[in-house]
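K.L.:
Dropping a structure here in C-alpha coordinates format, bear with me for questions.
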Amino acid sequence: MSNFLSKTFGGLSRAYYIRQFLFGLIFCVMLGSGVFSTGKMDQIIASTIGCLVLNILYPYSRFVYESAVNYIMGENAFFTDIKLFLIIKFITMFICWAFSFAIAPIGLAYLYFYHSKQEKELAKSE
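With the sequence shown counted from 1, adding 295 to any position gets you the working numbering.
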(Lines of atoms letter the chains of each structure in order from A and count residues from 1; the text may use other names and numbers.)
(Lines give C-alpha, C1' and ligand atoms only; values in the text may rest on other atoms or scores of the structure.)
Protein backbone atom coordinates (compact mmCIF):
# COMPACT_ATOMS: atom_id res chain seq x y z
CA MET A 1 0.00 0.00 0.00
CA SER A 2 2.88 2.34 0.80
CA ASN A 3 4.34 1.69 -2.66
CA PHE A 4 1.00 2.55 -4.28
CA LEU A 5 0.74 5.84 -2.37
CA SER A 6 4.30 6.85 -3.18
CA LYS A 7 3.75 6.14 -6.89
CA THR A 8 0.48 8.09 -7.05
CA PHE A 9 0.17 10.81 -4.42
CA GLY A 10 3.94 11.08 -4.11
CA GLY A 11 4.42 11.09 -7.87
CA LEU A 12 4.69 14.85 -8.35
CA SER A 13 7.68 16.86 -7.23
CA ARG A 14 7.24 18.54 -3.86
CA ALA A 15 7.82 22.03 -5.32
CA TYR A 16 5.19 21.50 -8.05
CA TYR A 17 2.65 20.10 -5.60
CA ILE A 18 3.11 22.95 -3.10
CA ARG A 19 2.94 25.59 -5.84
CA GLN A 20 -0.31 24.21 -7.25
CA PHE A 21 -1.72 23.62 -3.77
CA LEU A 22 -1.14 27.28 -2.89
CA PHE A 23 -2.82 28.42 -6.11
CA GLY A 24 -5.78 26.20 -5.23
CA LEU A 25 -6.09 27.96 -1.88
CA ILE A 26 -7.19 31.07 -3.81
CA PHE A 27 -10.42 29.30 -4.73
CA CYS A 28 -10.87 27.93 -1.20
CA VAL A 29 -10.64 31.44 0.19
CA MET A 30 -13.06 32.79 -2.42
CA LEU A 31 -15.60 30.03 -1.72
CA GLY A 32 -15.01 30.16 2.02
CA SER A 33 -15.59 33.89 2.28
CA GLY A 34 -19.03 33.47 0.77
CA VAL A 35 -19.97 30.48 2.90
CA PHE A 36 -18.60 31.86 6.17
CA SER A 37 -20.70 34.99 5.76
CA THR A 38 -23.88 32.88 5.97
CA GLY A 39 -22.99 31.75 9.48
CA LYS A 40 -24.59 28.32 9.00
CA MET A 41 -22.28 25.80 10.65
CA ASP A 42 -23.36 22.80 8.55
CA GLN A 43 -22.60 24.69 5.32
CA ILE A 44 -19.27 25.86 6.71
CA ILE A 45 -18.22 22.32 7.65
CA ALA A 46 -19.38 20.84 4.33
CA SER A 47 -17.67 23.52 2.25
CA THR A 48 -14.46 23.23 4.30
CA ILE A 49 -14.31 19.46 3.74
CA GLY A 50 -15.15 19.93 0.05
CA CYS A 51 -12.48 22.60 -0.35
CA LEU A 52 -9.88 20.40 1.32
CA VAL A 53 -10.65 17.45 -0.94
CA LEU A 54 -10.63 19.58 -4.09
CA ASN A 55 -7.46 21.36 -3.03
CA ILE A 56 -5.60 18.12 -2.26
CA LEU A 57 -6.55 16.77 -5.70
CA TYR A 58 -6.03 20.04 -7.59
CA PRO A 59 -2.27 19.61 -8.28
CA TYR A 60 -2.96 16.26 -9.97
CA SER A 61 -5.79 17.79 -11.98
CA ARG A 62 -3.54 20.63 -13.06
CA PHE A 63 -0.84 18.10 -13.99
CA VAL A 64 -3.30 16.40 -16.38
CA TYR A 65 -4.31 19.73 -17.90
CA GLU A 66 -0.73 20.94 -18.37
CA SER A 67 0.35 17.59 -19.83
CA ALA A 68 -2.50 17.68 -22.35
CA VAL A 69 -1.79 21.30 -23.32
CA ASN A 70 1.94 20.59 -23.68
CA TYR A 71 1.18 17.58 -25.87
CA ILE A 72 -1.16 19.58 -28.13
CA MET A 73 0.77 22.85 -28.26
CA GLY A 74 4.32 21.50 -28.20
CA GLU A 75 7.05 24.12 -28.04
CA ASN A 76 5.01 26.84 -29.75
CA ALA A 77 4.94 30.32 -28.24
CA PHE A 78 1.99 32.67 -28.47
CA PHE A 79 2.14 36.41 -28.06
CA THR A 80 -1.04 37.90 -26.69
CA ASP A 81 -2.36 40.55 -24.35
CA ILE A 82 -1.34 39.85 -20.75
CA LYS A 83 -4.84 40.61 -19.44
CA LEU A 84 -6.40 38.05 -21.76
CA PHE A 85 -3.72 35.52 -20.84
CA LEU A 86 -4.28 35.97 -17.10
CA ILE A 87 -8.06 35.75 -17.46
CA ILE A 88 -7.79 32.51 -19.43
CA LYS A 89 -5.22 31.17 -16.96
CA PHE A 90 -7.51 31.96 -14.02
CA ILE A 91 -10.50 30.32 -15.73
CA THR A 92 -8.55 27.14 -16.53
CA MET A 93 -7.23 27.03 -12.97
CA PHE A 94 -10.77 27.31 -11.61
CA ILE A 95 -12.07 24.60 -13.94
CA CYS A 96 -9.22 22.29 -12.91
CA TRP A 97 -9.92 23.03 -9.24
CA ALA A 98 -13.70 22.64 -9.44
CA PHE A 99 -13.49 19.37 -11.38
CA SER A 100 -10.37 17.99 -9.71
CA PHE A 101 -12.45 15.18 -8.20
CA ALA A 102 -13.02 13.90 -11.76
CA ILE A 103 -9.77 14.94 -13.49
CA ALA A 104 -7.23 14.02 -10.79
CA PRO A 105 -7.82 10.23 -10.98
CA ILE A 106 -6.52 10.35 -14.55
CA GLY A 107 -3.31 12.00 -13.34
CA LEU A 108 -2.98 9.60 -10.42
CA ALA A 109 -3.39 6.59 -12.72
CA TYR A 110 -0.82 8.00 -15.13
CA LEU A 111 1.66 8.65 -12.32
CA TYR A 112 1.18 5.13 -10.97
CA PHE A 113 1.85 3.48 -14.34
CA TYR A 114 4.71 5.86 -15.14
CA HIS A 115 6.51 5.22 -11.86
CA SER A 116 5.85 1.47 -12.10
CA LYS A 117 7.44 1.45 -15.55
CA GLN A 118 10.42 3.45 -14.27
CA GLU A 119 10.81 1.01 -11.38
CA LYS A 120 10.81 -1.99 -13.75
CA GLU A 121 13.37 -0.36 -16.07
CA LEU A 122 15.60 0.44 -13.12
CA ALA A 123 15.38 -3.17 -11.91
CA LYS A 124 16.29 -4.46 -15.38
CA SER A 125 19.34 -2.21 -15.64
CA GLU A 126 20.76 -3.37 -12.30
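Glycine included, C-beta positions come from ideal geometry on N, C-alpha and C.
For residue 303, which residues of its own chain have a beta-carbon under 7 Å away from its beta-carbon, when the five flanking residues on both sides are left out?
P.N.:
The answer, listed in chain order, is 403, 406, 407.
K.L.:
Cβ of residue 353 within 8 Å of Cβ of residue 301?
P.N.:
Going by C-beta atoms, residue 353 is not nearer than 8 Å to residue 301.
K.L.:
If you run the structure through DSSP and keep just helix, strand and coil, what is residue 305?
P.N.:
coil
K.L.:
Are the stretch 309–322 and the stretch 377–392 touching by the rule of at least three beta carbon pairs closer than 8 Å?
P.N.:
yes
K.L.:
Using CA atoms only, rank isn't needed, just tell me which of 414, 310, 413 is closest to residue 358.
P.N.:
For the set 414, 310, 413, the Cα lying nearest the Cα of residue 358 is the one of 310.
K.L.:
Pick helix, strand or coil for residue 365, following the three-state DSSP scheme.
P.N.:
helix
K.L.:
Report the three-state DSSP secondary structure of residue 421 (helix, strand or coil).
P.N.:
coil
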